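Novice: Input: one structure, supplied below.
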């Protein structure tokens, strides 16, 4: 926001005529003032001139008196102190006159030989900040820490640099000191709340910077120790205490305060009360309120005792424990219907939202907890780029996001307790309702409920409510026959009754006769879980031919759901016809509407649909449907690639897709599609690991390579790449194997597994030469150059990268050439040729800029920033690295963001700016990075080197010890640097 657009205070309601007791106040003429930064004034959002420094001093003195009159002598003392000029009184009058003209006479008044500014408190940013802080204190006392944290942040957000900036005089100096102290107190309160709500990992970076800026402030040290301890960094937490004790002794000759000493002892004892916040976490500022519950059925019938039992248990979550209820029973018994109905009943007890997921527990590929957590975090407002990679990290972030809220989680169709444990919120105020075919006897603390079939009376009542009293009353016995044939299973009854209700020409007896055919129903109804198949068969048999074909073919895909556009590709039909068919299937309960434009099968329905396809479709028809889906994903992913990487000739080397793919209006829209379709796209590629679609699936991984570096989708990408590599090798398809191995190489490089990466790249290059695939040739050379560089084989790395550059140039692939140049720049740095390194990186950047390659331009600026850092051009280096960081953030390359923070930390350290270096190193550790444990070790070395001159030598050594452990485990050469740092005097580190 432009600084001159007005102060950052809440908008005020415009009074109606006659309101208020004083129509001449400053507030009624739209005046606003700020002192928490430069002293400024606005009228109706337009800046006003505040005059000379002394005139601003007069304005500040009046504003800070809260409307009280200041005498002329008091103002003279405020502006000039004990040495006023001879004409001080005349000068004060002149300043007051000028201000009155700017502000209007009603705002600045003269009385009793002095002056006053009459304003409402909310016209001054300081007044607003004080009110926010006071309200936050009340909320905190009332236990509403989430809201208190938000208000403290709003209060801090009103600061705009140094208060009373550039205002002269002793009064302004005293007030500056007071306001800065108050700001620090607010920061401590906010950080204290951060720790209370479980945001300790996020607080470490900020506390590291603050303790460096205010080394003698013990409260900040105490908060840092606690944040580090809760982040699993006990050694560093104890090192902070040792650094603090040494600093206080050297500077002041005193020991740490009792609170700090007690905290150290509690950490040494591993006090259990320190391990978790004392109260549920606050609500993140950006957290949304999801309402994901499927619609409850209007004709829900019976189950009254279960509704009361479950509703009472879930409502108890408002107390002191999280409520978990697990509902078990055979398929089709109505577990989901009952759970959704109960969930809607108790919604008032969970005002912060309701989450829902089908865990696909009875299928061959149950939903993976990390994928579910990714969807939940997105629903709660977390950006894709902020979602971590591992299950443990996602689960921890999920619990932190949920803590302090009252959210209901409905986990439908779970496979077992192990699948759902990471998905439980874990804090008071939240509740989880689980449905499964198995009893969750190993789910600690869960309230278990077994759901049986309906009684005959309930079954008939449900049937009657759907079909209508008049039709059932005339054929009561036939109705009893129908519900009996359905085995009193609610799902079977609902499907049968809904189809009958939609066929006004049918009678109940016609339906009863259809159900009496044992070839379609009876055996399955008596076969446990297969009993549900009879109800599916009934619904399927009633479909029109086009609907039945859609039902069969759409069930073939492995993805968790399917978009309308993807379904259109599978069916080879226009969008409007596809949507009509899908909505018809939704109406028959054979398909679910997951979200607008997205559809999914229940896992058993999907299995049934596949059985129907095997029975009713020719083998070629099923294969062609999956090929059309793969073509759609490949063609669209290629369009995304082309938008993100203009000029990259990779797209010219990919197999032809029969589908045209979607067209995007810009890079943001293209990225949105790629990341929203990631799970389905990767599932399609993995499913195509056999048959004629293998090569297209491998090419799809190439086009969607960004998913390997995103963090959120890296694991799914790796699984698909490994499956396709193995399939290509088994099929003897050298071309497909070479390309799949290139994708696997990429995965290993991102994870820092250089030995595995080199093995894959070497085989890929050999296969590429054998089959004449040039793009794999120079890609594998580029990858092997990066690997050799990271393993310290610089001459070999240079040779590989030069071949990669020549191959890219021969292929007309300018982005590939630019990539090789930037990588060669890194080689030159390591070989001491800094000037050549800068030149090559600049050439790479120029190439990227020339072709408009936004994404990889970030990599070019990253390489140039590293070279400039080595050249000692720290300002230029930071300019390049910050530009790279901005581009990585815009392109959702989370791991590259963390890696760039590491390089920024190195640049700050080289420029002897230790506080900034420590802060960026902490951010790198919090985000993650390309290169795995080796880069983590290097980040820790940098963090330690930044902490050492900040008076935190013990914490620095803790970082170096961890770095040494990591480097020794991987055999990285940086282990020697860690040993040197640990053995050297701290002053030389």
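In our numbering, the protein residues as written are 655 to 1643. Backbone N, C-alpha and C fix where the C-beta goes; we use that ideal spot for every residue, glycine too. Given the structure is predicted, the values throughout are model-derived calculations rather than measurements.
Which residues mark the beginning and the end of the beta strand (DSSP E) in which residue 1088 is found?
Specialist: 1085-1090
Novice: Count the C-beta pairs between the segment 1457-1466 and the segment 1485-1495 that are closer than 8 Å, then say yes if the count reaches three, no if not.
Specialist: no
Novice: Which partner residues does residue 622 have in the DSSP bridge list?
Specialist: An answer regarding residue 622 cannot be provided, because it is not within the stretch 655 to 1643 covered by the chain.
Novice: Mapping the DSSP letters down to three states, classify residue 1255 as helix, strand or coil.
Specialist: Of the three classes helix, strand and coil, the one that applies to residue 1255 here is coil, per DSSP.
Novice: Which partner residues of residue 1246 appear in the DSSP bridge assignment?
Specialist: Answer is 1254.
Novice: Could you give the distance in angstroms between the alpha-carbon of residue 1298 and the alpha-carbon of residue 782?
Specialist: Going by the C-alpha atoms only, they are around 45 Å apart.
Novice: Quick check on the burial criterion: 16 or more other C-beta atoms within 10 angstroms. Buried or exposed for residue 1630?
Specialist: exposed
Novice: Compare the C-alpha of residue 1419 against each of 1445, 1169, 1398 and 1392 and name the closest.
Specialist: 1392
Novice: Go ahead and pull the three-state DSSP assignment for residue 949.
Specialist: coil
Novice: Where does residue 885 sit, in a helix, a strand or coil, going by DSSP?
Specialist: Note: residue 885 maps to coil in three-state DSSP.
Novice: Determine which residues share a DSSP beta bridge with residue 696 and list them.
Specialist: 686 and 701
Novice: Within 10 Å of its beta-carbon, does residue 1112 have 16 or more other beta-carbons around it, so buried, or fewer, so exposed?
Specialist: buried
Novice: For the beta strand (DSSP E) that residue 1275 lies in, which residues bound it at each end?
Specialist: Where residue 1275 is concerned, there is no enclosing beta strand (DSSP E), although the alpha helix (DSSP H) it sits in stretches over 1273-1298.
Novice: If you measure between the beta carbons of residue 1531 and residue 1522, is that distance less than 9 Å?
Specialist: yes
Novice: Over what stretch of residues does the beta strand (DSSP E) that includes residue 807 continue unbroken?
Specialist: It is not in any beta strand (DSSP E) - residue 807 instead sits in the alpha helix (DSSP H) that spans 799-811.
Novice: Could you check if residue 1368 is buried or exposed, using at least 16 other CB atoms within 10 Å of its CB as the buried criterion?
Specialist: The residue in question, residue 1368, is buried, as its Cβ has 16 or more Cβ neighbours within 10 Å.
Novice: Alpha carbon to alpha carbon, how far is residue 1089 from residue 1064? Give it in angstroms, no decimals.
Specialist: 8 Å
Novice: For the segment 1113-1131 and the segment 998-1008, state whether three or more C-beta atom pairs, one from each stretch, are separated by less than 8 Å.
Specialist: no
Novice: Can you name the residues that DSSP bridges to residue 895?
Specialist: Listed as beta-bridge partners of residue 895 by DSSP are no residues whatsoever.
Novice: Report the three-state DSSP secondary structure of residue 911 (helix, strand or coil).
Specialist: coil
Novice: In chain order, what residues of the same chain have a beta carbon less than 7 Å from the beta carbon of residue 1213, not counting five sequence neighbours either side?
Specialist: 1333, 1334, 1337 and 1338
Novice: Looking at residue 1605: is its Cβ nearer than 9 Å to the Cβ of residue 897?
Specialist: A contact, by the Cβ cut-off of 9 Å.
Novice: Under the three-state reduction of DSSP, which class applies to residue 978: helix, strand or coil?
Specialist: If DSSP states are grouped into helix, strand and coil, residue 978 belongs with the strands.
Novice: With 16 as the cutoff for other CB atoms within 10 Å, does residue 1398 come out buried or exposed?
Specialist: buried
Novice: Between which two residues does the beta strand (DSSP E) carrying residue 1063 extend?
Specialist: Per DSSP, residue 1063 belongs to the beta strand (DSSP E) from 1062-1068.
Novice: Does residue 1181 pass the burial test, meaning 16 or more other C-beta atoms within 10 Å, or should it be called exposed?
Specialist: Unreliable placement is indicated for residue 1181, whose pLDDT of 28 sits below 50; no coordinate value is reported for it.
Novice: Among the candidates 892, 876 and 1378, whose CA atom is the shortest distance from the CA of residue 911?
Specialist: 876
Novice: Report yes or no: do the segment 1309-1324 and the segment 1260-1269 share at least 3 C-beta pairs separated by less than 8 Å?
Specialist: The segment 1309-1324 vs the segment 1260-1269: no contact.
Novice: If you draw a straight line from the alpha carbon of residue 1027 to that of residue 944, how long is it in whole angstroms?
Specialist: Between the alpha carbons of residue 1027 and residue 944 lies a distance of about 14 Å.
Novice: Identify which residue in 1637, 1586 and 1590 has its Cα closest to the Cα of residue 1607.
Specialist: 1637
Novice: Going by DSSP, what residue range makes up the alpha helix (DSSP H) through residue 1606?
Specialist: Counting along the chain, residue 1606 falls outside any alpha helix (DSSP H), and DSSP gives it neither H nor E.
Novice: By how many angstroms is the C-alpha of residue 1415 removed from the C-alpha of residue 1451?
Specialist: 13 Å
Novice: Give the DSSP bridge partners of residue 1104, in chain order.
Specialist: 982
Novice: Taking 9 Å as the cut-off, decide whether the C-beta atoms of residue 1013 and residue 1074 are in contact.
Specialist: yes
Novice: Between the alpha carbons of residue 1620 and residue 1274, how many angstroms are there, rounded?
Specialist: 53 Å
Novice: Name the one or two DSSP bridge partners that residue 1137 has.
Specialist: Answer by DSSP bridge pairing: none, since residue 1137 is not bridged.
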